[in-house]
Amino acid sequence: MADNVASQPENASTFDWPVWQAQNPAGTFSQWLKACVADDWHKVTHHPFTDAWGKAAVPDRNLKNYLIQDHRFIDRFVALLAGAVSRAPTLPDRIPACQFLALLTGPENTYFERSLDALGVTEQERREMPDWDVTAAFKDLMRTAMESNDYASMLAVLAVAEGTYLGWADRVHNEIESHPKEFWYAEWLDLHIGTYFESVVAFLNDQLNKTGPTLDDMARANCLSCFRKATELEVRFFDAAWGSQN
Numbered sequence: 001m002a003d004n005v006a007s008q009p010e011n012a013s014t015f016d017w018p019v020w021q022a023q024n025p026a027g028t029f030s031q032w033l034k035a036c037v038a039d040d041w042h043k044v045t046h047h048p049f050t051d052a053w054g055k056a057a058v059p060d061r062n063l064k065n066y067l068i069q070d071h072r073f074i075d076r077f078v079a080l081l082a083g084a085v086s087r088a089p090t091l092p093d094r095i096p097a098c099q100f101l102a103l104l105t106g107p108e109n110t111y112f113e114r115s116l117d118a119l120g121v122t123e124q125e126r127r128e129m130p131d132w133d134v135t136a137a138f139k140d141l142m143r144t145a146m147e148s149n150d151y152a153s154m155l156a157v158l159a160v161a162e163g164t165y166l167g168w169a170d171r172v173h174n175e176i177e178s179h180p181k182e183f184w185y186a187e188w189l190d191l192h193i194g195t196y197f198e199s200v201v202a203f204l205n206d207q208l209n210k211t212g213p214t215l216d217d218m219a220r221a222n223c224l225s226c227f228r229k230a231t232e233l234e235v236r237f238f239d240a241a242w243g244s245q246n
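The UniProt record's numbering numbers the first residue of the sequence shown as 1 and each following residue consecutively.
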């Protein structure tokens, strides 16, 4: 199940990790990161766009544009995840990420292709639609994290991308009366709920929990900055997807 960020102290974002840990001895590094961005995390996981998704009620143009834009993240995301694999400390730390790469480049990539084809989105539309500003910014953040060769920064961006999607999809799945009939709605939910996807998010959080406490002050600040920026961009991306479309 998705982590309950709201359970963290309201003023947790005002404390650096050592202070927060002293006041929350059972708390983990990943929980501290989420506590620092609790407001934006809640906005992502409870966004009107996600509620409409669960009801199969996203306006047609918004739906198509969202799929075009979200599909553009896969290339950068795969590179970032591969970079994290290369920086992981041991083989057991690499294997779950390698297995997830197969899902991203297989079922998730073909989901986009099948959905866009079924919705009648032409190759020309996909090619000629410019990146939203937030799409370009998120791709740039993933590139910067990957090129930094800093494992904690890579993990921070990955953990936000997958953790927020588990959060909203799990919530929506549990609240709707019935699964959407259209596969482009239903399969996107299915890809982000369930035991396997929960294990992916748990793996990323576990890697943060192992790595985070070993960081010096500057590296920890970089990690938090990446985590915060990624969460802000997730909010902006759903805002753009839900806004007026051309």
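Backbone N, C-alpha and C define an ideal beta-carbon position, used for all residues, glycine too. As the structure is a prediction and not an experimental result, all values here were calculated from the model.
Practice prompt. Go ahead and label T110 buried or exposed: buried means 16 or more other beta carbons lie within 10 angstroms of its beta carbon, across all protein chains shown.
Written response: By one-based count along the sequence shown, residue 110 stands at place 110. The residue in question, T110, is exposed, as its Cβ has fewer than 16 Cβ neighbours within 10 Å.
Discussion item. To the nearest angstrom, how far is the alpha carbon of W17 from that of P213?
Written reply: On the sequence shown, residue 17 is found 17 positions in, with the first residue counted as 1. On the sequence shown, residue 213 is found 213 positions in, with the first residue counted as 1. Taking the straight line from one Cα to the other gives about 8 Å.
Worksheet item: If you draw a straight line from the C-alpha of Q23 to the C-alpha of D216, how long is it?
Response: Here residue 23 is taken as the residue at index 23 of the sequence shown, counted from 1. Here residue 216 is taken as the residue at index 216 of the sequence shown, counted from 1. Going from the Cα of Q23 to the Cα of D216 covers about 20 Å.
Item to complete: Output yes or no for whether 8 Å exceeds the beta carbon distance between F77 and M142.
Response: The residue given as residue 77 occupies position 77 in the sequence shown. The residue given as residue 142 occupies position 142 in the sequence shown. A contact, by the Cβ cut-off of 8 Å.
Worksheet item: What do you reckon, is the C-beta of F112 under 7 Å from a heavy atom of the ligand HEM?
Response: As presented, the structure is devoid of all ligands, the ligand HEM included, so that no description of it is given.
Worksheet item: Are the region 157 to 167 and the region 79 to 97 touching, with three or more C-beta to C-beta distances below 8 Å?
Response: They touch, by the three-pair rule.
Worksheet item: How about V235 and V44: are their beta carbons less than 8 Å apart?
Response: By 1-based counting over the sequence shown, the position of residue 235 is 235. By 1-based counting over the sequence shown, the position of residue 44 is 44. The Cβ atoms of V235 and V44 lie closer than 8 Å to each other.
Item to complete: Could you tell me the distance, in whole angstroms, from the CA atom of S13 to the CA atom of E123?
Response: Position 13 of the sequence shown, counted from the first residue, corresponds to residue 13. Position 123 of the sequence shown, counted from the first residue, corresponds to residue 123. Note on S13: pLDDT 47, under 50, position unreliable in the model; the coordinate value appears next. The straight-line gap from Cα to Cα measures roughly 44 Å.
Worksheet item: For E182, which of helix, strand or coil comes out of DSSP?
Response: Numbered from its first residue, the sequence shown carries residue 182 at position 182. Three-state result, E182: coil.
Worksheet item: With burial defined as no fewer than 16 other Cβ atoms inside 10 Å of the residue's Cβ, what is the status of I68: buried or exposed?
Response: Residue numbering aside, residue 68 sits at position 68 when the sequence shown is read from its first letter. Classification for I68: buried.
Item to complete: Please determine, among P107, W168, L208, the residue with the shortest C-alpha to C-alpha distance to V157.
Response: As a working note, residue 157 is residue 157 in the sequence shown. Measuring from the Cα of V157, the nearest candidate turns out to be L208.
Worksheet entry | Outcome for L63 when other beta-carbon atoms lying within 10 angstroms are tallied against a minimum of 16 | As a working note, residue 63 is residue 63 in the sequence shown. Label assigned to L63: buried.
Fill in: Cβ-based burial, N11 [other Cβ within 10 Å; buried from 16]
Looking up residue 11 in the sequence shown gives position 11. Its pLDDT being 41, under 50, N11 is placed unreliably by the model, and the measurement read from it follows with that caveat. Classification of N11: exposed, given that the 10 Å Cβ count is below 16.
Discussion item. Quick check on this structure: which residue in Y151, F183, F227, L233 has the alpha carbon closest to the alpha carbon of K210?
Written reply: Walking along the sequence shown from the start, residue 210 turns up at place 210. Selected option, being the one with the closest Cα: Y151.
Practice prompt. Could you tell me the boundaries of the alpha helix (DSSP H) in which W20 lies?
Written response: Residue numbering aside, residue 20 sits at position 20 when the sequence shown is read from its first letter. Counting along the chain, the unbroken alpha helix (DSSP H) around W20 starts and ends at 17 to 23.
Practice prompt. Find the nearest neighbour of A97 within the set L224, F227, D206, judged by alpha-carbon distance.
Written response: Taking the sequence shown and counting its residues from 1, one reaches residue 97 at position 97. The shortest C-alpha separation from A97 is found at D206.
Discussion item. Below 8 Å on the Cβ atoms is my contact criterion, and I expect V201 with G54 to pass it. Report the Cβ-Cβ distance as a whole number of Å.
Written reply: Indexing the sequence shown from 1 puts residue 201 at position 201. Indexing the sequence shown from 1 puts residue 54 at position 54. Rounded to whole angstroms, the Cβ separation of V201 and G54 is 19 Å, and the two are not in contact under 8 Å.
Worksheet item: With 16 as the cutoff for other CB atoms within 10 Å, does R127 come out buried or exposed?
Response: Along the sequence shown, one-based indexing puts residue 127 at 127. By the neighbour-count rule (16 or more Cβ atoms within 10 Å), R127 is not buried but exposed.
Worksheet item: Just how far apart, CA to CA, sit D70 and P25?
Response: Residue 70 sits at position 70 when you count from the first residue of the sequence shown. Residue 25 sits at position 25 when you count from the first residue of the sequence shown. If I take the Cα positions, the gap works out to 38 Å.
Fill in: Own chain residues within Cβ distance below 7 Å of S153, not counting five before or after
The residue you call residue 153 lines up with position 153 of the sequence shown. The answer, listed in chain order, is A145, N222, C223, C226.
Worksheet entry | Chain-order list of residues whose beta-carbon lies under 7 Å from that of D40 (same chain, five-residue window excluded) | What you label residue 40 is simply residue 40 of the sequence shown in a count that begins at 1. Cβ contact annotation for D40 (same chain, cutoff 7 Å, sequence separation greater than five): T231, E232, V235, in chain order.
Worksheet entry | Span of the alpha helix (DSSP H) around K55 | Numbered from 1 along the sequence shown, position 55 holds the residue referred to as residue 55. Membership of K55 in any alpha helix (DSSP H) is not indicated, and neither H nor E is assigned to it by DSSP.
Practice prompt. Take I176 as the anchor and find which of A102, T50, D131 has the nearest alpha-carbon.
Written response: The count along the sequence shown starts at 1 and reaches residue 176 at position 176. If we check each option's Cα against that of I176, T50 comes out closest.
Worksheet item: Nearest-angstrom Cα distance between N174 and S199?
Response: Against the sequence shown, residue 174 aligns to sequence position 174. Against the sequence shown, residue 199 aligns to sequence position 199. N174 and S199 have their C-alpha atoms spaced approximately 18 Å apart.
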